[in-house]
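Taking it in order: structure first as structure tokens, then the write-up.
Residue numbers (my numbering), protein chains in the order written: chain V, 1 to 665; chain P, 1001 to 1590; chain A, 2001 to 2105; chain S, 3001 to 3182.
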């Protein structure tokens, strides 16, 4: 079984080589087919490995395979080695599964693009990098995948590089990711300095072996690693690149900026659960940033008019949820939401893609309306996605998001504050998704006649993908039915929280979390987050709170319908009433302008000052100054060359006399 | 045959290009094709001869290999100056880089050089001979002669075939390096005289000069003299202004060689001369040089950000990259020094390729202003792909050689002092900024200038020149083990000499220099500091890997009952799944 | 009486110095190159005189041999010097030394 | 060799040297110089260097002065410039000052002279004779002799090249160059 573990990342790499090298010579269909098959191959291998993993006893669910030694000098050892444990199994299946569907979708979507093989080469390269990220057995190899996906997002966002905005967005994404990677890099160095190795196994063994003494250093490490995570998963300080990343083709947004790459941060935090649990302060920082980002992004999404921008901010908000879950100490809930989110967010993006396809690439929802008539399949699947993301049962969103909201309260480091953030954001999410869906698919059509003429349902290759994803979005939830509901419905033991149990060896259980938190310095009480013991089994409270969230979500959808279908004008009226709030939200709290003013412009100014000022004036000045000085001095001596023979003779004689005089004494 | 190869290879590598150059000079000026062919053939033969070096190099030994020592000049009976050549881990890759890049540069200059080809290729081969000489010389006089000899061809290459301000740039380059090396010459003589005074032996041989007892002030001055010469060559922060001028005005192949090999002589010099010969002074001046290196990294990157001219941008990026290499050398941790070494090699490859790319579009559009280009990726897809790969290599993308070098340097500097790594690592962000911004303004966006629409894509020759360099960066990036294994023993030896050297423990009052005194109670590890070629300094444990037992990593305690996997042991409440066994998950092929 | 006492070597040295000085002064004062050459000849002769005097007072004949060498140098110098003067004269009618200062630095 | 003869002959030499310097006309100067050379020759005689006496007369007075006169005639110099009419008065002062300094040094050296040779050494019979000089010349001083021959060769070549009429080299069209100096 171990033998073909390395095939999983190798297949996409093969796809890259084929498409990059022979792409333009192969017919389009072949190069597209190669790209999809390669990813499907990885998916099959991933699932096979997953099944084998389930067969193994829970404690030993790990498959290792060291390929070859990479960098090893002095005390530092690092090898290219793969590790397949439940967490990476989930990630691999999500990446390759959803990835495969998106590859199939982009066969149709990118059909008319001149650089068709190059697109698939990049997509395969991305899949390879993501697989390396999730399969790595040490931090350094994970960092390789980390920067690899950053590179692919740069290439794919800027795929239509003729458009200045696209290449700007690509560069912005790479540089902001690079800022995150800078933090990750420092974290890795700190790890090696403290633990002497970068292999997960060695590091976590040392942390688990002695949780008390290491808390301070581990907190430092976790904060640095979290900087990397915020960069990659677009959290508060470093999220600015994600909304601009919508410049790229829609399948890219679906694959990279919804399902896989942005979840890398959550995966990393989940992977290092022992370290984070050993650093309660870091854990709370994660939770706070997650909660803040969730609410913050949701508010911006309310007023966006570009279909993809709304979904982008929604992604940032959902990622905030995942981090909040991890911050509360319940990593399994975070990862579960990651999986379900991959389904319905990819569904929403691809739905938006087919809408744009129909509307000949116009993304402004104010010019859409009543598209249900022309795009029934897209419409229905979009509705499934919206209901899922709003957390309406039986769709997957309900199970995963509700689990997060509940665990943000009941989790080891949960607290009421996180719960309130969670519920408010859930309501906002339901509202802006309802607004989006109603504006696009219902009410009077507002598009121009010429656009209306071109409206057509997307081709089967895209439609079937939407349907499959919709099925996934609705059924995925049943993988992790919370214990409270499971008892209610007397479901068999195997089906209650199956996903959490499966993940347990690699992300730890509640008890392990409590044990580590108590053992680490600073104990359980960090500010408002307290160590919640008793709430774990209080079913009544759980149902009550679940009810509240559900009611809020349903209410939001109904108000959305009321505002945008029955009385279409109310949205703009409300905006006029609160102009200041509306404009700040519209302009994304002016964060982009702030970054440009505080970082970009001073950086350039400093560069210029150093170059023209220091380099040219000071150093060149000195160097050329010396040259000019010698020239001036030499001009002084020219005076002695008078040209008269007799002067020279006198000089000679004077010299002779001088010599004699010296010798005389 | 093997013995003959070992003995003669280094001499052949140094003097074959020289002979070829002389032959070229005899050729008629008009026979351009013949001249080019001959020059390339000579370079390729030289490269082919140097490749076995890599395989025959015994990577376990730290001492000199492929040695040849022939007495040359007798001073009062003693063979003072000897033709002593040899390479160890450090100089092996420098020689390979020289032969490799010279072949690439000569092949690369077929397009760009149109006038006086005969002299040009002769000078290029002289340059190659000079550079190879510098890296193999183990005798200070031999080293100094090659160090100066190498300047002359470079001066003419910049001065004759360069751009508009070539004379200014060539003179500035020449004088800058000359001043530095004159100081070095004085230092060499003082060093030899001190050695003679102490041991009565007049020798210029580096290996015997490494244990010269001298007072603290003397060692400081000598270190500064050598250091200045190498700092100018690297170029380190305050002495770097000659580099952008030299690069901008030099022809493409000249820039490739200048950036690829000439700059490495500075860092090589630090490793070969400053550190082993003056360990205490190196330890004393290390913080200063580290500060300059870090300033160089950030300064180079920031200034590169605003350069309108592509070659100046790449030149300032070289200042930044080599700042990383110098930082690696002076943190005195094995990882740092190895990183510095790999950074030198990877910078040679990636910046060489970058200059070739810039040269290629210069040949097509005769301008290097970035604003003149835009959107040429659509017109030249192959060029775009290669330029992006080369840029990523120079940014330090993982699985490319830049990353291996930078990671080890940052790791080494973190072990020395975390703040070094924090400031140095900002270079990672800045390098991404200026490189990608350059890529955006050149490759991406709309085609603004009409002339760009008609640009031809790379022809076969240009591809043949670029692809090996990119392949080199990927090879070192993905599988650097053979490179690292060969470098490690020699660097470990230098690190052993330098690391324990406290910056001038109290200077004993007696006439005995402090080095003499310290020898008695200094740890046996450094009983004799000379590079005994035959006797390995200390019996190494079975594995030749020098355990750099980094103090912080001592916390591996396996005594705690709880293995991280089985957190749910006795004292934690019984979870539904069974307790995890304590053994580590089965490792395969550890 | 002092008059028939033998002359010490010092006297010859003074005489030779006097002649040499007159030659040098003459060279500096006059502007006509030919006269200047003659002054040089005078200075050379002063040298010869001292050589011969030294040979005589030290009893070593080599002194007189050196006179020959001085003479050959003098001859060579005159030959070349006059050739130069003739060449200059041909270019410019006057041979006044002060006019010829084109070689000014 | 008594003071009397010494003073008389050296006086003649000095006077005629002065004549050279102050002569208004170059030819007069030349004549004075010849006279001075002859006086110096007689001094050589007094110093029992008969052969040198003869050579002095022959070479200096005979050859070199004749050359001078020949050149003067060739250039028909009318001695336009006054003896001391040097334009730069300062020039005269400098000359006198340097001359005085030189002479002062000579005298001071002689006065300080240390063990000055007061009496001429005993000399063998054929002291200044040609055999004596010949043996000295061709044994101990052979190398200088050869070198002087080189000097003479160089001088001859130089003189020939310089004195050649400029532009005498055959013109490309074969016609001999015109006589006039360009």
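All residues carry an ideal CB built from backbone N, CA and C; glycine is no exception.
Count the CB pairs spanning the segment 159-174 of chain V and the segment 130-137 of chain V that are closer than 8 Å, and state whether there are at least three. With a cut-off of 8 Å, the segment 130-137 of chain V and the segment 159-174 of chain V do not count as touching, because too few Cβ pairs lie within range.
Taking contact to mean 3 or more Cβ pairs, one atom from each stretch, closer than 8 Å, check whether the segment 1451-1469 of chain P and the segment 1320-1332 of chain P are in contact. no
Based on the DSSP output, what are the partners of residue 1083/P in its beta bridges? Beta bridge pairing from DSSP links residue 1083/P with 1070/P.
Length of the line joining the Cα atoms of residue 1231/P and residue 1266/P: 6 Å
Any C-beta of chain A sitting closer than 7 Å to the C-beta of residue 643/V? It does; some Cβ of chain A falls within 7 Å.
Looking only at DSSP bridge pairs, what is residue 66/V linked to? 81/V
According to DSSP, is residue 3008/S part of a helix, a strand, or is it coil? helix
Write down the C-beta distance between residue 359/V and residue 235/V rounded to the nearest angstrom, noting that I regard them as a contact closer than 8 Å. Not a contact, Cβ separation roughly 32 Å.
Take every Cβ of the segment 1205-1220 of chain P, pair it with every Cβ of the segment 1112-1132 of chain P, and state whether three or more of those distances are shorter than 8 Å. no
For a contact meaning CB atoms closer than 7 Å, what does residue 646/V contact in chain S? Ordered by position in chain S, the residues that pass the 7 Å Cβ test against residue 646/V are 3091.
Going along the chain, which residues of the segment 580-611 of chain V sit with their C-beta nearer than 8 Å to a C-beta in chain A? Residues passing the 8 Å Cβ filter: none.
In whole angstroms, give me the CA-to-CA distance for residue 1013/P and residue 507/V. 58 Å
Bridge partners of residue 1078/P, per DSSP? Residue 1078/P has 1075/P as its beta-bridge partners, per DSSP.
Should residue 1064/P be labelled buried (16 or more other beta-carbon atoms within 10 Å of its own) or exposed? buried
7 Å Cβ cutoff met for residue 1644/P and residue 1413/P: A question about residue 1644/P goes unanswered here, because the residues of chain P that appear run from 1001 up to 1590.
From 3092/S, 3038/S and 3093/S, pick the residue whose C-alpha is nearest to that of residue 3010/S; which is it? 3038/S
Residue 1029/P, buried or exposed, once every other Cβ within 10 Å from all chains shown has been counted against 16: Within a 10 Å sphere around the beta-carbon of residue 1029/P sit fewer than 16 other beta-carbons, which makes this residue exposed.
Would you call the segment 32-40 of chain V in contact with the segment 64-77 of chain V, where contact means no fewer than 3 C-beta pairs closer than 8 Å? no
With 9 Å as the C-beta to C-beta threshold (strictly closer), list the residues of the segment 38-71 of chain V near chain P in chain order. 57, 58, 59, 60, 61, 62, 63, 64, 65, 66, 67, 68, 69, 70 and 71
Taking CB distances under 7 Å as the criterion, tell me whether residue 1481/P reaches chain V. yes
Burial state of residue 1037/P, where buried means 16 or more other Cβ atoms lie within 10 Å: exposed
With a threshold of 16 other CB atoms inside 10 Å of the CB of residue 54/V, please say whether the residue is buried or exposed. exposed
Going by the DSSP bridge assignment, what does residue 1008/P pair with across the sheet? BP columns for residue 1008/P are empty, so no partner.
Reference residue 50/V, options 591/V, 634/V and 5/V, closest by Cα: Here the closest residue by C-alpha is 5/V.
Would the beta-carbon of residue 98/V fall within 7 Å of that of residue 291/V? no
Residues of chain B with CB closer than 9 Å to the CB of residue 653/V, please, in chain order. In the displayed structure, chain B is absent; the protein chains listed are V, P, A and S.
Excluding the 5 residues flanking residue 128/V on each side, which residues of the same chain have their C-beta closer than 6 Å to its C-beta? These residues qualify, in order along the chain: 9, 12 and 13.
So which residues on chain P does residue 179/V lean against when the C-beta distance must stay under 8 Å? 1429
Roughly how many whole angstroms lie between the Cα atoms of residue 1054/P and residue 591/V? Approximately 54 Å, taken between the alpha carbons.
Beta-bridge partners of residue 481/V, as assigned by DSSP: Its beta-bridge partners are 496/V.
Over what stretch of residues does the alpha helix (DSSP H) that includes residue 304/V continue unbroken? No alpha helix (DSSP H) contains residue 304/V, which DSSP labels as neither H nor E.
Drop a sphere of 10 angstroms on the beta-carbon of residue 1369/P, count the other beta-carbons inside from all chains shown, and report buried for 16 or more, exposed for fewer. The residue is exposed, with fewer than 16 neighbouring Cβ atoms inside 10 Å.
Runs of 3 residues minimum, wholly inside the segment 1235-1289 of chain P: which ones carry the beta strand (DSSP E) assignment? none
I want to see whether chain S comes within less than 7 Å of residue 629/V, judged by CB atoms only; does it? no
Would residue 107/V and residue 16/V qualify as a contact pair, given that the criterion is a beta-carbon distance under 7 Å? no
Per DSSP, which one or two residues make a beta bridge with residue 138/V? Paired residues: 199/V.
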